[in-house]
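Student:
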Ligand SMILES: NC(=O)c1ccc[n+]([C@@H]2O[C@H](COP(=O)([O-])OP(=O)(O)OC[C@H]3O[C@@H](n4cnc5c(N)ncnc54)[C@H](OP(=O)(O)O)[C@@H]3O)[C@@H](O)[C@H]2O)c1
């Protein structure tokens, strides 16, 4: 990227609202090269939470690029509805519906045992609950959905990802994570009054750290691991969980396709498979700082503690 676009890009990012809304997307898009039309031909992509919002938009775009796309969903009917919708938009799209509740570690194990072949794994499923709830294994639900389920699925699918050329893993995090440090002292949110938005942001911070750790771990296998944030997009997740915010931002919100763009790019562009890109946090096709505030920075020991916690909690 030449100097002026780069300066505009960074200014939009640091001033948040222009960068995260569709203004930032439309500004940056002018400088992007289109993906090759068959970029995912012959590739198998698994996307969790792909029946709506960004997951469905990413699935549609990846099917359009020739990929075989698995919608990994927890509700068969919603999955089949999404599949029909995508096939109506992309005639001949190779779409499968797979059932998995990613917050349920037993279900993750069951599902992973059915997968033999995957090139791209997208951890997109997300939730922002109004109150603290626990899964069947006694894990707080945002932790289970955003961190423990994806950690276990990545671990169990590593052999299948090694067969990819090269395999890629993408965590869909959130810009909300900038507000929170890595809370490895209270990962299950047991201390203090529960706040769903905070729980969401804490676990989105964990995803960014996990992507970094998984990136290092899988480097020798040629598998790249990324985290990304979509900016602010009008999806059921945002309009249902944050109606006030959605109303405030109104037409400035990105559409789901714009929000999903970097996920698709990381999955399909040559850059997303380059070893030097692994472990980074991306937004609008560029790596971004993982921290803007000194108080959110974590130490190497805290990162290691997160890894140990995930290993223990997923029974590895
Ligand atoms: N939209 C934004 O502006 C924005 C901003 C930052 C980050 N994100 C992230 O982007 C991702 C997608 O969110 P979205 O905005 O597209 O929201 P969404 O429309 O609510 O999509 C979330 C998807 O996750 C699925 N899901 C939730 N828990 C699951 C579980 N335990 N197992 C399997 N699937 C599960 C949901 O399935 P059901 O239909 O069955 O509930 C739904 O398909 C999330 O990780 C979110 O945190 C979005």
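Numbering (the working numbering), first residue to last: 790 to 1105.
Note that CB positions come from ideal geometry on N, CA and C, so glycine has one too.
Check the DSSP bridge columns for residue 1046 and list the partner residues they point to.
Tutor: Answer is none; residue 1046 lacks a bridge partner.
Student: Tell me the start and end of each unbroken alpha helix (DSSP H) in the segment 795-840 that is at least 4 residues and wholly inside, in chain order.
Tutor: Correct list: 806-809, 811-818.
Student: Can you find the residues in the same chain that come closer than 6 Å, C-beta to C-beta, to residue 835, ignoring five residues on each side of it along the sequence?
Tutor: Contacts found: 859, 861, 907, 910.
Student: Within 10 angstroms of the Cβ of residue 1070, are there 16 or more other Cβ atoms? Answer buried if so, exposed if not.
Tutor: The residue is buried, with at least 16 neighbouring Cβ atoms inside 10 Å.
Student: Going along the chain, which residues of its own chain have a beta-carbon closer than 6 Å to the beta-carbon of residue 1091, five neighbours each way excluded?
Tutor: Closer than 6 Å at Cβ, skipping near neighbours: 971, 973.
Student: If you measure between the beta carbons of residue 1042 and residue 1035, is that distance less than 8 Å?
Tutor: Result yes, Cβ atoms of residue 1042 and residue 1035 sit closer than 8 Å.
Student: Taking the beta carbon of residue 967 as the centre, do at least 16 other beta carbons fall within 10 Å, making it buried, or is it exposed?
Tutor: Classification for residue 967: buried.
Student: Measure the Cβ-Cβ separation of residue 904 and residue 852 and say whether it is below 8 Å.
Tutor: Contact: no.
Student: Ligand 1 heavy atoms versus the CB of residue 1021: any closer than 7 Å?
Tutor: Yes, Cβ of residue 1021 sits closer than 7 Å to a heavy atom of ligand 1.
Student: Any chance the segment 995-1012 sits against the segment 1087-1103, with 3 or more Cβ pairs inside 8 Å?
Tutor: Touching, yes.
Student: What does the alpha-carbon distance come out to for the pair residue 1002 and residue 1031?
Tutor: Taking the straight line joining both Cα atoms gives about 31 Å.
Student: In the DSSP assignment, find the unbroken beta strand (DSSP E) run with residue 1027 in it and report its ends.
Tutor: It is not in any beta strand (DSSP E) - residue 1027 instead sits in the alpha helix (DSSP H) that spans 1025-1030.
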